[in-house]
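**Q**
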Amino acid sequence: MPSLNPLSAVDSARNFMNIVKEVNLDEIRERAELPPRILVVAGDAEQASLTGRAVFGPESASLLEFRSADQIGNIDTSRYDVIVVSDRGQTSLLKDVKRLASNGRHEHILYLADDGPGTVAAFRSEIMLHDPELAPSIGRHFAELRAEAIHAIIDSTARANAKFALISNIPAIVPILGGLLAAGADFIVLTKNQVLMSYKLAAANGRDLDDQTGILRELVPVVGVGFVWRTVAREATSFLPLLAGTIPKVAIAFAGTYTIGRAVDYYYRFGTKPPKEQWELFREQSVRLAGSIPLPGRNNGEAHAEASIEASIEASVEQAALIRSGEQDEQTATKQLPTP
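Under the numbering used here, think of the first position of the sequence shown as 1, with each following residue one higher.
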């Protein structure tokens, strides 16, 4: 394991702000500030209204549109991001809505059998799975779905980074040049994805999105550990063969992104960095989730793959703990950052 540079926290802060300057967040802001277009269809107008309140909250009526069964012939499905079909009677309402869809799109038409608490909770998660890109807007405009939206933002980014870590490791089999290309690519791309994730979390938590740099700037002490974590972990596994090195790199990309996402969300909700105990809880959750990532060899009962993931993440967490113990260095680094 390589030793830590005492200036690594400072470098992490500066690198983070340099990457922030290169990321265009306008598209995320515009989409997040625009309420999602949601239609609720039920057998009658009263049931449609009840379903809307159950799923999206008692104050959501002004942000939703409603249709009864006898009005579905007038629906232009292309106008909506999500169409909720509530059909307690298990009639052909869902089939009718899909049959009459004016543009042939059916993937955004979701079925809700009843409005019981358990069913509604699962349905909210289904909405987020349907299109994670809607999560910042849905979380911002519907407080009842904020938890599901935040989970979708973090989970989709962590999985995207894990996939990229797998792909970016392939050039590393080319001696010298390939390794340099892979290392540079994953640092920039994974970090940009984490920047985008952080801004989406700000949107979902209802933050003012106009001061984009200011929003992310205040996160430097929160995400600084993530830079060191990822860098140290990558270096620690870079000497391994392709398959042996890929497995921990993918797990670390997922776990590191997931942990940072949870920490950023904690900051937005409570206005402070997570305490050490909370960091450990986020880390434990991320390790468990990383263990479920499908990778070559994972389905063949290869215990060494599991051990490789656990050992690599645990080792990198130990290094991250050293940075947390030097928290004052991070705060100093943040104060020294030039104004963008």
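Using N, Cα and C, we set each Cβ at its ideal position, and we do this for glycine too.
Just so you know, these numbers come straight off a predicted model, no measurement behind them.
With the cut-off set at 9 Å, would you say glycine 256 and asparagine 161 are in Cβ contact?
**A** Here residue 256 refers to the residue found at position 256 when the sequence shown is read from its first residue. Here residue 161 refers to the residue found at position 161 when the sequence shown is read from its first residue. Result yes, Cβ atoms of glycine 256 and asparagine 161 sit closer than 9 Å.
**Q** So what's valine 222 in DSSP terms, helix, strand or just coil?
**A** Looking up residue 222 in the sequence shown gives position 222. Reduced to three states, the DSSP call for valine 222 is helix.
**Q** Between threonine 119 and chain B, is there a C-beta pair that is closer than 9 Å?
**A** Given the protein chain composition of this structure (a single chain), no chain B is represented.
**Q** In terms of DSSP beta bridges, what is arginine 67 paired with?
**A** Taking the first residue of the sequence shown as 1, we reach residue 67 at position 67. Arginine 67 pairs with Val41.
**Q** Which residue marks the beginning of the beta strand (DSSP E) containing serine 86, and which one marks its end?
**A** By one-based count along the sequence shown, residue 86 stands at place 86. Note, serine 86: beta strand (DSSP E), 82-86.
**Q** For valine 41 versus alanine 69, is the C-beta distance shorter than 9 Å?
**A** For this step, residue 41 is matched to residue 41 along the sequence shown. For this step, residue 69 is matched to residue 69 along the sequence shown. Yes, the pair counts as a contact, with Cβ atoms nearer than the cut-off.
**Q** Can you say whether glutamine 71 is buried or exposed, counting buried as having 16 or more other CB atoms within 10 angstroms of its CB?
**A** Here residue 71 refers to the residue found at position 71 when the sequence shown is read from its first residue. Glutamine 71 is exposed by the Cβ-count criterion.
**Q** From glutamate 59 to leucine 219, what distance separates their C-alpha atoms?
**A** Numbered from 1 along the sequence shown, position 59 holds the residue referred to as residue 59. Numbered from 1 along the sequence shown, position 219 holds the residue referred to as residue 219. About 31 Å.
**Q** Name the DSSP beta bridge partners of tyrosine 111, please?
**A** One-based indexing of the sequence shown puts residue 111 at position 111. DSSP lists Val85 as partners of tyrosine 111.
**Q** In three-state terms, what does DSSP make of asparagine 24?
**A** Your numbering for residue 24 matches position 24 in the sequence shown. Coil.
**Q** Quick check: what's the CA-CA separation for aspartate 114 versus arginine 207?
**A** Against the sequence shown, residue 114 aligns to sequence position 114. Against the sequence shown, residue 207 aligns to sequence position 207. Approximately 33 Å between the Cα atoms of the pair.
**Q** Can you tell me whether proline 117 is helix, strand or coil according to DSSP?
**A** Indexing the sequence shown from 1 puts residue 117 at position 117. Proline 117 falls in the helix class under three-state DSSP.
**Q** Measure the alpha-carbon distance for threonine 91 versus alanine 45 and round it to whole angstroms.
**A** On the sequence shown, residue 91 is found 91 positions in, with the first residue counted as 1. On the sequence shown, residue 45 is found 45 positions in, with the first residue counted as 1. For threonine 91 and alanine 45, the distance between alpha carbons rounds to 16 Å.
**Q** Distance check for serine 156 and aspartate 81, CA to CA, integer angstroms please.
**A** Translated into positions along the sequence shown, residue 81 becomes position 81. Translated into positions along the sequence shown, residue 156 becomes position 156. Approximately 18 Å, taken between the alpha carbons.
**Q** Indicate whether alanine 253 and alanine 204 have their beta-carbon atoms separated by less than 9 Å.
**A** Taking the first residue of the sequence shown as position 1, residue 253 is located at position 253. Taking the first residue of the sequence shown as position 1, residue 204 is located at position 204. No, the Cβ-Cβ distance between alanine 253 and alanine 204 is not below 9 Å.
**Q** Give me the Cα-Cα distance between aspartate 131 and aspartate 87, rounded to the nearest whole angstrom.
**A** Stepping through the sequence shown from its first residue, residue 131 is reached at position 131. Stepping through the sequence shown from its first residue, residue 87 is reached at position 87. Their backbone Cα atoms lie some 22 Å apart in a straight line.
**Q** Measure from the alpha carbon of leucine 63 to the alpha carbon of each residue in Val222, Phe142, Leu289, then state which is nearest.
**A** For the purposes of this step, residue 63 is taken as the residue at position 63 of the sequence shown. Nearest of Val222, Phe142, Leu289 to leucine 63, Cα basis: Phe142.
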